[in-house]
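Data first, discussion second: the structure below is written as structure tokens.
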Ligand code: NDP
Ligand code: 2IT
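Numbering (this note's numbering), first residue to last: 12 to 460.
What follows is the structure, encoded as structure tokens:
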């Protein structure tokens, strides 16, 4: 698809001009604007109120220096970011990514996607994202702690439980959230739910660790059930071996499917008998080692260098759970040729636009990230609710709410796709359904931002 509507094409042109050298941000905006053509036609009042021009421009973009001292006593400097993209429907909410590839364009693409994803959850959360080009790999716990403390020393002045509530993403898990929470509390003298993904001993919610992966499978199962398919007896390939990948794999196994491959940025493992998740958790969560260690525990499994070839493995269902643009047109074609009938995105924007086109043209059931991986942030919002009540729900209660939310997301986006003339296209459905709630809220609040 291309942007055919002249007005939306003009909005896109301004985005490219204002944000030069940020292709991931352009890609995320272009996809949403393409989907919104039928909305422009039906809602001239949104055009008049400048909703489209406003929604692509962050309310606030913060960039800061993060100095810290490594174990050898050397001073190191990283760059920190927080984009507070949209607060129309609730306090800014979104994860923090620590990865060497982080720069303004990555943070903006993720923050922009987060607006619509958070809207789809049905919960009152605005869109944000942040992070740093810090690489936690190979760093000692002490180095990670000093970095997190320095990062929070600046970030704390911009956030708060009713203002902006960060969480994890790539490279930010329970350890990093703990260090940042401790530093926030020390500086502000405030024990409050300012971060989500906290440990269970200090305000965390049950199921948050599992939520993105579990939610992804609840969504995918609902999408497949609507077409007479399911995880039961299926072969599944999952990329990544981090938080999202591990708990997606756990839920696939619970639903009767078999996960045969997982990866990291160096390569992938193939275990025809089904991946042993106790081993993967030990390697990745406890030892923080590489996925190739898996074959030392299970010699019948195979390890291959290079992560992108994971998509050449024959499977029924593919769940990309590593990073952006990890499935290109070629990989998408191979998946289709091998009989893959469903793809649900655990990572943010893991399929290139060309790959998505291949899936849609070939009738592959395709669950786009902002719908399929919304279970993580939805459960973060449930953590915020529990913190506000100073109460905590049981695992079963939170899990049931998560499942409900994911089923509703599927229903709402397929209904929106149909209503706007694109039945079956969940990309268009997710973008329109996510947009409508935010646009209505912005419209009602006047030209405040
Ligand atoms: P983790 O840091 O726990 O794991 C990331 C995994 O992806 C690792 O296996 C990592 O391998 C791999 N990976 C990261 N970058 C690359 C790369 N450039 N190329 C190849 N592989 C890579 O992160 P999460 O599991 O939390 O996040 C995974 C994806 O899910 C991200 O896109 C994130 O934005 C998205 N997401 C996360 C949510 C959450 O709640 N955590 C919620 C919604 C979406 P390696 O160890 O080699 O770097
Ligand atoms: O991309 C995402 O939705 C996340 N990384 C989770 C954000 C959150 O606030 O829980």
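We put the beta carbon where it would ideally sit given N, CA and C, even for glycine. Computed from a predicted structure; not experimentally measured.
Looking only at 355, 182, 390, 371, the smallest Cα-Cα distance to residue 134 is reached by 390. By the Cβ neighbour-count rule, residue 361 is buried, with 16 or more other Cβ atoms within 10 Å of its own. Taking 3 residues as the shortest admissible run, the region 111–194 contains the following complete beta strand (DSSP E) segments, listed from N- to C-terminal end: 137–143, 175–178. Set against 8 Å, the gap from the CB of residue 177 to the closest heavy atom of the ligand 2IT is smaller. Looking only at 321, 280, 327, the smallest Cα-Cα distance to residue 304 is reached by 280. Placement of the Cβ of residue 166 at a distance of 8 Å or more from every heavy atom of the ligand 2IT is found.
CA-to-CA, the gap between residue 148 and residue 111 works out to about 10 Å.
Judged by beta-carbon spacing, residue 104 lies within the 9 Å limit of residue 138, meaning their Cβ atoms are closer than that value.
Each residue's CA atom was taken as its position, placing residue 130 and residue 183 some 23 Å apart. Rounded to whole angstroms, the separation of the alpha carbons of residue 107 and residue 91 is 10 Å. Assigned with DSSP and collapsed to three states, residue 224 falls in helix. In this structure residue 267 does not touch residue 230 by the C-beta definition: roughly 17 Å separates them, more than the 8 Å allowed.
Taking 9 Å as the cut-off, the Cβ atoms of residue 261 and residue 271 do not count as close. Bridge pairing for residue 274: 279 [DSSP]. Of the other Cβ atoms in all chains shown, fewer than 16 fall within 10 Å of the Cβ of residue 74; this residue is therefore exposed. Taking C-beta separations shorter than 7 Å and ignoring five residues to either side along the sequence, the partners of residue 161 in its chain run 77, 78, 79, following chain order. For residue 423, DSSP records no beta bridge to any residue.
If you check the CB distance, residue 332 and residue 416 do not come in under 9 Å.
Counting C-beta pairs closer than 8 Å gives fewer than three between the region 322–341 and the region 286–306, which falls short of the contact rule. For residue 44, there is no enclosing beta strand (DSSP E); the residue is part of the alpha helix (DSSP H) that begins and ends at 34–46. In this structure the region 156–170 does not touch the region 117–126; the number of beta carbon pairs closer than 8 Å is below three. Exclusion of the five residues before and after residue 145 leaves 89, 109, 158 as the residues of its chain whose Cβ lies within less than 6 Å of its Cβ.
According to the DSSP assignment, residue 109 belongs to the beta strand (DSSP E) that extends over 103–109.
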